[in-house]
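Residue numbers (this note's numbering), protein chains in the order written: chain A, 1 to 370; chain B, 1001 to 1232. For glycine and all other residues, C-beta sits at the position ideal for the given N, C-alpha and C.
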């Protein structure tokens, strides 16, 4: 087990924490023990493989906090006023399934901004703060925009059901691809599906269900019938046009400087007007970044950045990496997570953007020199 | 030091293991009374027989307290994180076959593949406000398998026995369990998903990694490998 115990790391964490306070953030604390249910509902069963689970005789299943974002959002939604800037410093805990792996507990120092007024300015404020803070380390910054991807899925001319299925799996690239192949008519309908649809067309849904076996369990007959109806609808829906699939794949594969990516996306928006408002949001953000002195002509944009690791981000995303050190995790990551606030706020959304630095990784980059 | 060989302490798995070694000229036997877990090895110097529960053999191997062990390949994968870095599978023994599979009620005519399961799970969550429950005792294997397959909106609920009954008892919607013939599944009105085989398990001879080995053990292992005709 590798631990973040060096006093130098704590000192570095405190330096970052102080810096975020100077930038106007209010320091906050969160409990280390977090209700497991909230995290499981948010991240799914996979979080069990990554977070330490323990049980409390009164409060039930608890997790050692695997991140700060969720507790900070919950705290803000309980009694915070807008706009709000928070900073926190402390350890997070992550199980590692592989030997010689990464630390199981390590410091994070974060900055979160809740602001409804101007999302582009808020994105730019957070990125610029991290960029300035980390500039002495000579890191590579990468940016992306999950909002563009969501808009590109939404722009497809197909059923709401298909779009919802694609949106749901945006963060699981393999499953996303196989869905897109099927909806695009590039892969065959599984035999079992074809047989089922044939049978229900000939004999009716009720007969087919009756014949299969006794009804057991909580998933009821109506739910099965409803899904069969959905499968029938899907079978009657034409494949997504090849040209549209191509555009979507092109958008997802976009890797360019921010300025070039924006040009490109503007061209695409001519054919795909429904992504125009997401492109406009990106445009405003780049303007705001330029106003803060960021050279967006040199800043990397990778449309699929954050698709595999940052499951709750749904807009602007960014990361700072040590080039030539693939052994190290990113020094800092962050992004916009309006959707997370909607889930935790049960319908109430607060536009939010933030990020975390790992002081231990920052020190590995400089070789221990803060 | 003598080389310790861990073998399941009872039942068919023990008998079959004894037969496998006997066919290769090594007589393993239980000694003492019927209830005493002690054993002997005839036909090879320097090997000590240790009778253990099959479920404990993976951990004992990983800790280096025994050097060789016979157990199900499913148990090693379930109980030892990153098992390839700690153990080596020497030889599948050709018995103790059991498949870890995912099964759902037979009357779910709309669910035949993992893809269906994933989509049914999404609808189930929207309808019932909870993630679809899969009862199992093989948490690591099943979770890794479902993650790899991109299945979401499910939860694993622990079931240490009578797993096939959980659906009828409304404590789970689906199960992930070991089956050899499928008889129990059928009796409980369940069916296996077409692509729902998580792992095909069989009794396997494992050796522990470098922990706890001395030269004498290594020499004994050389001789034993030769005798057993293990691939090098």
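**Report entry** Ranges of the beta strand (DSSP E) found wholly within the segment 1138-1202 of chain B, counting only runs of at least 3
**Finding:** 1154-1158, 1174-1179 and 1190-1201
Query raised in the report: Going by beta carbon distance, what residues of the same chain come within less than 7 Å of residue 1166 of chain B, once the five residues before and after it are set aside?
Result: 1135, 1159, 1172 and 1175
**Report entry** residue 263 of chain A versus A:301, A:175, A:19 and A:86, residue with shortest Cα-Cα distance
**Finding:** Residue 263 of chain A has its Cα closest to that of A:301, out of A:301, A:175, A:19 and A:86.
Query raised in the report: Going by DSSP, which residues form a beta bridge with residue 1084 of chain B?
Result: Note: residue 1084 of chain B is not bridge-paired with any residue in the DSSP secondary-structure output.
Query raised in the report: Can you find at least 3 beta carbon pairs, one from the segment 1188-1205 of chain B and one from the segment 1087-1106 of chain B, that sit closer than 8 Å?
Result: yes
Report task. Kindly indicate the opening and closing residues of the alpha helix (DSSP H) around residue 1015 of chain B. Result -> 1011-1022
Report task. Would you list the one or two residues that DSSP bridges to residue 86 of chain A? Result -> A:26 and A:112
Report task. Drop a sphere of 10 angstroms on the beta-carbon of residue 1049 of chain B, count the other beta-carbons inside from all chains shown, and report buried for 16 or more, exposed for fewer. Result -> buried
Query raised in the report: Within the 9 Å Cβ cut-off, does residue 1144 of chain B reach chain A?
Result: yes
Query raised in the report: Which runs of the beta strand (DSSP E), 3 residues or longer, sit entirely within the segment 1030-1062 of chain B?
Result: 1038-1042 and 1047-1052
Query raised in the report: How many Å lie between residue 223 of chain A and residue 140 of chain A at the Cα?
Result: 49 Å
**Report entry** Outcome for residue 87 of chain A when other beta-carbon atoms lying within 10 angstroms are tallied against a minimum of 16
**Finding:** buried
Report task. Within the segment 94-149 of chain A, note down every full alpha helix (DSSP H) run reaching 4 residues or more, in order along the chain. Result -> 119-134
Query raised in the report: Can you find a CB in chain B that lies within less than 9 Å of the CB of residue 44 of chain A?
Result: yes
Requested in this report: Kindly say whether residue 223 of chain A, judged by its beta-carbon, lies nearer than 9 Å to any beta-carbon of chain B.
Outcome: Yes, because at least one Cβ of chain B sits closer than 9 Å to the Cβ of residue 223 of chain A.
Query raised in the report: Thinking C-beta only, is residue 1206 of chain B closer than 9 Å to residue 1089 of chain B?
Result: yes
Query raised in the report: Taking the alpha-carbon positions, what's the residue 1085 of chain B to residue 97 of chain A distance?
Result: 11 Å
Query raised in the report: When the Cβ atoms of the segment 142-160 of chain A are set against those of the segment 252-269 of chain A, are three or more pairs found closer than 8 Å?
Result: Touching, yes, given that three or more Cβ pairs across the two stretches are closer than 8 Å.
Query - residue 229 of chain A burial status per 10 Å Cβ neighbour count (16 or more: buried) - result: Answer is exposed; the Cβ neighbour count stays below 16.
Query raised in the report: Which class does residue 1025 of chain B belong to by DSSP, given the choice of helix, strand or coil?
Result: coil
Report task. Output the residue ranges of the alpha helix (DSSP H) runs that lie fully inside the segment 332-363 of chain A and measure 4 residues or longer, sorted by chain position. Result -> Listed in chain order, they are 338-344.
Requested in this report: Verify whether the separation of the beta carbon atoms of residue 318 of chain A and residue 333 of chain A is less than 9 Å.
Outcome: yes
Query raised in the report: Where residue 348 of chain A and residue 74 of chain A are concerned, what is the direct C-alpha to C-alpha distance, given to the nearest angstrom?
Result: 12 Å
Query - Same chain, Cβ closer than 6 Å to residue 93 of chain A, five either side skipped, listed in chain order - result: 52, 64 and 105
Query - Whole alpha helix (DSSP H) elements within the segment 241-274 of chain A, 4-residue minimum - result: 242-253 and 258-271
Query - chain B contacts from the segment 50-78 of chain A (Cβ-Cβ distance under 8 Å) - result: none
Query raised in the report: From residue 1105 of chain B to residue 1190 of chain B, what distance separates their C-alpha atoms?
Result: If you take the alpha carbons of residue 1105 of chain B and residue 1190 of chain B, they lie about 4 Å apart.
Query raised in the report: Going straight from the alpha carbon of residue 1052 of chain B to that of residue 217 of chain A, what length do you get?
Result: 38 Å
Query raised in the report: Closest Cβ-Cβ distance between residue 1097 of chain B and chain A: below 9 Å?
Result: no
Requested in this report: Would you mind working out which of A:161, A:202 and A:27 sits nearest residue 76 of chain A, comparing C-alpha positions?
Outcome: A:27
Requested in this report: Might you give, ordered along the chain, the residues of its own chain that have their beta carbon closer than 8 Å to the beta carbon of residue 31 of chain A, omitting 5 neighbours on each side?
Outcome: 65 and 71
Query raised in the report: Can you pull the DSSP bridge partners for residue 321 of chain A?
Result: Looking at the DSSP assignment, residue 321 of chain A forms a beta bridge with A:140.
Query - Residues near residue 235 of chain A in its chain [Cβ-Cβ closer than 6 Å; skip 5 each side] - result: A distance below 6 Å between beta-carbons, with the five flanking residues on each side excluded, links residue 235 of chain A to the following residues of its chain, in chain order: 197.
Requested in this report: Ignoring anything shorter than 4 residues or poking outside the segment 192-242 of chain A, list the alpha helix (DSSP H) runs there in chain order.
Outcome: 205-212 and 221-235
Query raised in the report: What residues of chain B sit near residue 208 of chain A, judged by a beta carbon separation below 9 Å?
Result: 1109
Query raised in the report: Cβ of residue 1154 of chain B less than 9 Å from any chain A Cβ?
Result: yes
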